[in-house]
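A short write-up of the structure that comes next.
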Amino acid sequence: MPIVHVEFFEGRPIEKKRELVQGITETVARTCQVDADGVHVLLEERTRENWGRGALLNSDRPPRQDSEVIPGVDSGDVVMVLQTGSTAEKVPALPSNGLLGIRQGVNCDSDATPAALVLGACSPGQDAQDAWDGFLAETSVADGKVMRCLRADLPLGGLRGQNRLPLHLTIGTHHVREDTVDEYLQLMRLAVHPEMNRCSGFVSSDRLRQLPSGSSFFVVNHWLSREHAEAYASSPAHDMLKARVRPLLHDRDPLGSFDVLPDRAR
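Residue 1 is where the sequence shown starts when you use this note's numbering, and the numbers rise one by one after that.
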């Protein structure tokens, strides 16, 4: 029975406390391989007058100047999704400024139109946004499409950092009814941790909120192989999840399966 004790400054709204408890529970349940109901999170608030750091009480410290963020984005990584119309088409070099991770894959469905996919995760700072804006202004990808998304999940998922393993991605879009977005996100969090985490070959899952829409989500699931992904797709756990998710949607767009090469092989 894991117990996590968290101390922080007072003043956070109840919504942020719920978000904190959910994120901690998901991570602990996944890493300890226990049910979420078995994770206890104890929150204790401290006043700034009763917390010192660097020989100063925090109440005596000057206010922190927060860095600029992209207008309309509260927090979380921004992910640029670039779809190209041909596997033979050369994908241009992506901007490195603010880049937190990149995944480049090739559609492996034999009956699907050949396509390549690039996902670039970057920080929400203005410098990173400027780099992406310049990239999009100078780049022309034939039959291509670019989506700008905000990563909605609390766990880091699989889009950050370098990729050291051959991976397989299953990708699609969920168009969620506006009145069920919160229910959808909560359901998908519970589906990932611990349910999907129990599946052999599962690596991570990301929910990317498409901008400017607030209710369409690009779903990116990382697996060690296509066989692992197909085993989950035919499992009772997946059937149960579909039955619960479909009523929350007004449409869905399956995109396909992509094989990703490790960074060192590129």
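C-beta atoms are modelled at their ideal positions from N, C-alpha and C, and glycine is treated no differently.
Own chain residues within Cβ distance below 6 angstroms of residue i, not counting five before or after
i: Glu44; result: Glu7
i: Asn197; result: Arg30
i: Leu117; result: Gln83, Gly105, Phe258
i: Cys32; result: Pro2
i: Asp60; result: none
Presumed contact (8 angstroms Cβ cut-off) between residue i and residue j, rounded CB distance
i: Gln210; j: Phe218; result: 6 angstroms
i: Pro2; j: Val34; result: 7 angstroms
i: Leu208; j: Val146; result: The pair is not a contact, with the Cβ atoms about 13 angstroms apart (cut-off 8 angstroms).
Contact under 9 angstroms by Cβ, residue i with residue j
i: Ala191; j: Leu241; result: yes
i: Gly105; j: Phe258; result: yes
i: Val220; j: Ile171; result: yes
i: Arg151; j: Asp77; result: yes
i: Val301; j: Arg53; result: There is no way to answer for residue 301, as the model of the chain reaches only from 1 to 266.
i: Glu195; j: Ala237; result: yes
Residue i versus the options, residue with shortest Cα-Cα distance
i: Ser225; options: Leu208, Ser216, Ser204, Val245; result: Ser204
i: Ile24; options: Asp77, His40, Pro247; result: His40
i: Tyr184; options: Ser215, Thr47, Ile3; result: Ser215
i: Glu26; options: Gln83, Gln186, Leu119; result: Gln186
i: Gly101; options: Leu119, Cys108, Pro212; result: Leu119
i: Gly256; options: Arg148, Glu15, Leu99, Asn107; result: Asn107
i: Cys149; options: Asp239, Asp251, Asp206, Arg252; result: Asp206
i: Pro247; options: Ala36, Val181, Asp60; result: Val181
i: Arg159; options: Val28, Asp130, Leu99; result: Note on residue identity: the sequence assigns Leu, not Arg, to residue 159. Ranking the options by Cα distance to Leu159, first place goes to Leu99.
i: Val21; options: Cys32, Gly11, Ala36; result: Ala36
i: Gly38; options: Glu15, Val4, Gly11; result: Val4
8 angstroms CB neighbourhood of residue i in its chain, flanking five on each side removed
i: His228; result: His168, Cys199, Ser200, Gly201, Phe202
i: Phe9; result: Glu45, Arg46, Thr47, Arg48, Trp51, Asn58
i: Trp223; result: Leu167, His168, Leu169, Thr170, Gly201, Phe202, Val203, Ala229, Tyr232
i: Ser235; result: Cys199
i: Lys17; result: Leu43
i: Asp179; result: none
i: Leu56; result: none
i: Glu15; result: none
Residues near residue i by beta carbon distance below 7 angstroms, same chain, minus five either side
i: Pro254; result: Gly172
i: Arg252; result: Gly172, Thr173, His174, His175
i: Met188; result: Arg207
i: Val28; result: Pro2, Val4, Val39
i: Gly11; result: none
The ligand GTP heavy atom lying under 8 angstroms from the CB of residue i
i: Gln210; result: With respect to the ligand GTP, the structure offers nothing, as it holds no ligand at all.
Below-9 angstroms beta-carbon distance, residue i vs any chain C residue
i: Ala237; result: Although the question refers to chain C, the structure presented lacks it and comprises just one protein chain.
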